[in-house]
Ligand code: SF4
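Chains as they are written, first to last, in my numbering: chain A, 384 to 646; chain B, -15 to 398.
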């Protein structure tokens, strides 16, 4: 190195919708992070995201001791020393935040995961949703324009609901038709949005049983804290959310980077 | 990437198998064109032995369905069958096969120059031991070709196979003789039946030994090899050629065990495959697993052509027993016991369940079986969503992530 930069370890999570980077220092502390749209050029977006996270950490490329990539576009990260699946990285990132037996519910842009981790941080099992957008971020992204609202306003609107409108369908396309039907019936937008949140929660809860402590992560959770409150109420116990829920996969990748380095 | 560079040791006997399969298809084609010999279509675990004893040459539409899958023609054929009323949710062997017939194409033409179509049947014979789809499938062709369709209706969800189960099946088998004699124009000869059954039994025993070589560490064979090399056990059982073939294959695999030749070099993990293969992805899946030094080495599917109960001393009863003892015919309790035995025998680290969209009959992960078995045995499992033939029902990226994450999980446990 020789440029005076302190050593850092980086995790790059190239998801179908967003690319996330986390850099950690020698004490495993997050020192820089960034989120950008993945777009159509995964290599470019991951480079850009990495630069942003490095800038936040106040270091240059030379400071990177090791970099692990994960997510759909994990093979597109040229700078990566190795790759890991997003399942492994989420498990690692979440266990780092909550070192207990946990069930992790990750709601991503394109897919959901339920991962069970034991008290030593070892994965017991995992499930990914079938190839379908039900209950994912894409579901909310599909519904926002139908309701003529920006996606960022969903959390606030759902909180205003006084009479939630429940949606019956399982399927994103059918749900869209149902939403149009509710609009035609004159239902209020906040009530429909809350119904959409419930639909997301139900889809992920039916993926697997919840054992031990429940942790929720992912972009949808990061941007819609009300959804977590609703889920808590529904399952009747507290749900833990890590400090940067959208970045747990990237954090896990950074932790893997550090482990590999020390091996 | 590492996946492309990987060179797996080749099975030398494959050349002989190709020759035998080629002879089989040309023989059928010849019979169909010259009308010198009668042709029966039979379900893959149907009473092929009775048909051979009566001098029929036998075509197996499921084998043709698998060829449509393996050549990746199936996905284009299925919509043809959908258009005439067959749902995309039913067996994609059926829809691919019927679709190919409607389009007037067959993968046989490419593999065997000179063969233009599947051999036309003189009779179709089904056994519902697998599913009801085969019955509808054969009925359709029966109407199309205006030829008789006969069949055996098997009990399903059988726990212990008891006398009353097999007695009724044996009677149904015997009842097939008269109509089949009429079609074949040949009298049923019990000695011939016993001879065929003895050959079938020998084939079955050799095939079992072949599959059992996978218990060796490292395993000399993979499930993906098995799906290819089971060809003779499916279409040639009851013939000397099948027996000869498996003797040769077995010798080769035993030599591999002696020399410690691993089918997947550097074998680190051993997996069991439950369910159908994804025919259009055999190579990709084989590469995916082996690039992670993981051998999917045994399966329920390939084991389905083991008929240890065949006994020439009591042909009908023993056939009835063998065709009812099949995994697919059995209750969940019996199936779970079977898988537990397999886990122990093959020393596997994990199980992959293939949830095949269009074959509920071969998808055993839909009623909590993986969870129950995992709890009892401690052996972890993974469910992948896919299909035997319809590639529109597959997400390769999801499969890959799931498989890689599963192998990472196994690594953490070691
Ligand atoms: S068992 Fe499955 S694959 Fe075989 S014929 Fe029946 S539905 Fe098709």
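For each residue, glycine too, the CB sits at the ideal point set by N, CA and C. No experiment lies behind these values; they were computed from the predicted model shown.
- Within 9 Å of the CB of residue 397 of chain B, the CB atoms of chain A belong to 505, 506, in sequence order along the chain.
- At a beta-carbon threshold of 8 Å, the residues of chain B lying near residue 467 of chain A are 392, ordered along the chain.
- Counted as a single uninterrupted DSSP element, the alpha helix (DSSP H) harbouring residue 189 of chain B occupies residues 174 to 196.
- Residue 340 of chain B and residue 443 of chain A have their alpha carbons spaced roughly 49 Å apart.
- Three or more Cβ pairs closer than 8 Å define a contact, and the region 347 to 360 of chain B falls short of that threshold against the region 218 to 233 of chain B.
- Inter-segment contact for the region 375 to 395 of chain B and the region 468 to 488 of chain A is present: three or more beta-carbon pairs are separated by less than 8 Å.
- Residue-level contact by beta carbon fails for residue 59 of chain B and chain A, as no gap is shorter than 8 Å.
- Contact check for residue 257 of chain B against residue 54 of chain B fails: the beta carbons are separated by 8 Å or more.
- In this structure, the CA atom of residue 164 of chain B is about 8 Å from the CA atom of residue 35 of chain B.
- Listed in chain order, the positions of the region 350 to 376 of chain B with a beta carbon within less than 7 Å of a beta carbon of chain A are 364, 369.
- With the criterion set as a beta carbon lying under 8 Å from some beta carbon of chain B, the members of the region 465 to 496 of chain A are 467, 468, 469, 470, 471, 494, in sequence order.
- Distances between the C-beta of residue 260 of chain B and the heavy atoms of ligand 1 include at least one below 7 Å.
- Here residue 590 of chain A is not near residue 614 of chain A, since their CB atoms are 8 Å or more apart.
- Set against 7 Å, the gap from the CB of residue 115 of chain B to the closest heavy atom of ligand 1 is smaller.
- Each of A/557, A/411, A/632, A/404 was checked against the Cα of residue 490 of chain A, and the nearest Cα belongs to A/632.
- The region 288 to 320 of chain B is shown to contain whole alpha helix (DSSP H) runs of 4 or more residues at 299 to 309, in chain order.
- DSSP links residue 369 of chain B through a beta bridge to B/339.
- With fewer than 16 other Cβ atoms inside 10 Å of its own Cβ, residue 556 of chain A counts as exposed.
- Between residue 148 of chain B and residue 138 of chain B, the alpha-carbon positions lie close to 12 Å from each other.
- DSSP places residue 391 of chain B within a helical segment (H, G or I) once states are collapsed to three.
- Residue pairing by DSSP places residue 413 of chain A opposite A/407 in a beta bridge.
- Counted as a single uninterrupted DSSP element, the beta strand (DSSP E) harbouring residue 486 of chain A occupies residues 485 to 490.
- Excluding sequence positions up to five before and after residue 24 of chain B, its CB lies within less than 6 Å of the CB of 35, 40, 42, 107, 109, all in the same chain and listed in chain order.
- In the three-state DSSP reduction, residue 639 of chain A falls in the helix class (H, G or I).
- Between residue 617 of chain A and residue 584 of chain A, the C-beta gap is smaller than 8 Å, which places the two residues in contact.
- Looking from the CA of residue 499 of chain A, the closest CA among A/512, A/485, A/586, A/511 belongs to A/485.
- Boundaries cannot be given for residue 221 of chain B, as no beta strand (DSSP E) includes it and DSSP labels it neither H nor E.
- In this structure, ligand 1 has a non-hydrogen atom nearer than 7 Å to the beta-carbon of residue 77 of chain B.
- Residue 538 of chain A and residue 609 of chain A have their C-alpha atoms spaced approximately 6 Å apart.
- Between residue 545 of chain A and residue 561 of chain A, the alpha-carbon positions lie close to 20 Å from each other.
- DSSP places residue 43 of chain B in the strand class (E or B) of the three-state scheme.
- Interface flag for residue 382 of chain B against chain A is set, since a Cβ pair is found closer than 8 Å.
- The beta carbon of residue 320 of chain B is closer than 7 Å to those of 353, 356, 357 in its chain, skipping five residues each way along the sequence.
- Relative to ligand 1, the beta carbon of residue 46 of chain B is positioned inside 7 Å of a heavy atom.
- In terms of Cβ geometry, residue 161 of chain B and residue 307 of chain B do not form a close pair [threshold 8 Å].
- The beta carbons of residue 135 of chain B and residue 150 of chain B sit no closer together than 8 Å.
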